[in-house]
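So for the sequence shown, UniProt numbering puts the first residue at 1; every next one is plus one. Every residue, glycine too, gets a C-beta built ideally from N, C-alpha and C. Treat the numbers as computed from the prediction; the structure is a model and nothing was measured.
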Amino acid sequence: MIKLKDVTKTYKMGGEIIYALKNVNLKIGKGEFVSIMGPSGSGKSTMLNIIGCLDKPTEGEVYIDNIKTNDLDDDELTKIRRDKIGFVFQQFNLIPLLTALENVELPLIFKYRNSMSEEERRERALKCLKMAELEERFANHKPNQLSGGQQQRVAIARALANDPPIILADEPTGALDSKTGERIMQLLKKLNEEDKKTVVVVTHDINVARFGERIIYLKDGEIEKEEKLRGFDD
Ligand code: ADP
Ligand code: ADP
């Protein structure tokens, strides 16, 4: 489902070259739940952004669903992102002027323009809010009327809107207290187990990483080790 082959990402800072990722090889199977751990600056976000086609590697190959993405142009990458990937962020990144429901409808508007009716769009957004276990009575609340955990549920519902096979989450519990963070991780686990989403979570919190079937440890842009927590066969 996801494959990185000899992926290197460098940044030029003044005259210096910084290796954000160095020769990374990684395969993530369809339906797998993988956590990426490592200290600040170890390359976690860079790796997630490359998997998510938000960023391109300097060298190496990236495959999403057997599509080689590293030489696609920006329009093609946008399409892959829209069809294959749902993103969840630490700070939720909801639009404050829109209600929960409208935030979830947004990706459907971008994808379907006028080919999906308003009723259909609303129904689908409500279904996604339900999948993210947000109580329906909050659907018309604006983000600032919701708790952090509820806002992250809206963000997860938005990530589900286009029914992508892959959910990528960058520190999804980083802005939440530990109890709320645990509930959000349980939700991601449910989406993995019941809805068969492939889930990749970046975190520096081992208690969060433990929700995965496998933990990849990054250090200075390299995979330092991998830990298998539960069986995954593909
Ligand atoms: P993490 O997510 O583990 O904190 P990052 O992937 O954000 O790590 O960063 C890895 C390395 O790449 C760090 O040394 C960081 O400073 C560097 N880096 C990341 N993004 C940029 C950028 N846009 N320009 C320059 N250096 C960057
Ligand atoms: P029903 O079970 O009522 O027949 P469907 O499974 O056909 O509903 O889904 C209805 C809509 O919800 C579809 O347009 C589909 O894309 C969307 N949907 C279904 N499952 C998911 C999912 N796991 N994530 C996001 N959207 C979904």
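Return yes when at least one heavy atom of ligand 1 lies under 7 Å from the C-beta of T203, else no.
False, no ligand heavy atom lies under 7 Å from that Cβ.
Apply the 10 Å Cβ neighbour rule to M13 and answer buried if 16 or more other Cβ atoms are within range, or exposed otherwise.
Flag for M13 reads exposed.
Going by DSSP, what residue range makes up the alpha helix (DSSP H) through F92?
Per DSSP, F92 belongs to no alpha helix (DSSP H) and is neither H nor E.
Count the other CB atoms within 10 Å of the CB of residue 266; is the residue buried (16 or more) or exposed (fewer)?
For residue 266 there is no data in the structure shown, the boundaries of the chain being 1 and 234.
Just list the residues that DSSP pairs D163 with in beta bridges.
Looking at the DSSP assignment, D163 forms no beta bridge with any residue, so it has no partner.
Got a sec, what are the start and stop residues for the alpha helix (DSSP H) K84 sits in?
Taken as a continuous stretch (DSSP letters only), the alpha helix (DSSP H) holding K84 covers D74 to K84.
So which of E227, I216, R230 and K228 has the shortest CA-CA distance to G43?
It is I216.
Take K197 and list the residues in its own chain whose beta-carbon comes closer than 6 Å to its own, dropping the five residues that flank it on each side.
Result list for K197: I167 and L191, in chain order.
Measuring straight from C-alpha to C-alpha, what distance separates L72 and N49?
So the alpha carbons of these two residues sit roughly 15 Å apart.
Could you compute how far the alpha carbon of K127 sits from the alpha carbon of E59?
Each residue's alpha carbon lies about 40 Å from the other.
Any beta carbon from chain B within less than 8 Å of R113's own beta carbon?
No chain B appears in this structure, which consists of one protein chain only.
I'd like to confirm something about K56: is its beta-carbon nearer than 7 Å to some heavy atom of ligand 1, or not?
No, Cβ of K56 sits at least 7 Å from all heavy atoms of ligand 1.
Going by the beta-carbon positions, is the gap between P107 and P143 smaller than 8 Å?
Cβ atoms of P107 and P143: not closer than 8 Å.
Compute the distance between the beta-carbons of F89 and G52, then report whether it is under 8 Å.
Not a contact, by the Cβ cut-off of 8 Å.
For T173, which residues in the same chain have their Cβ closer than 6 Å to its Cβ, ignoring the five residues on either side in sequence?
Same-chain partners within the cutoff: G181, I184 and V208.
Hey, is I18 close to ligand 1, as in C-beta under 7 Å from one of its heavy atoms?
Answer for I18: yes, Cβ within range of ligand 1.
What would DSSP say about N140, mapped onto helix, strand or coil?
Residue state, collapsed to three classes: coil.
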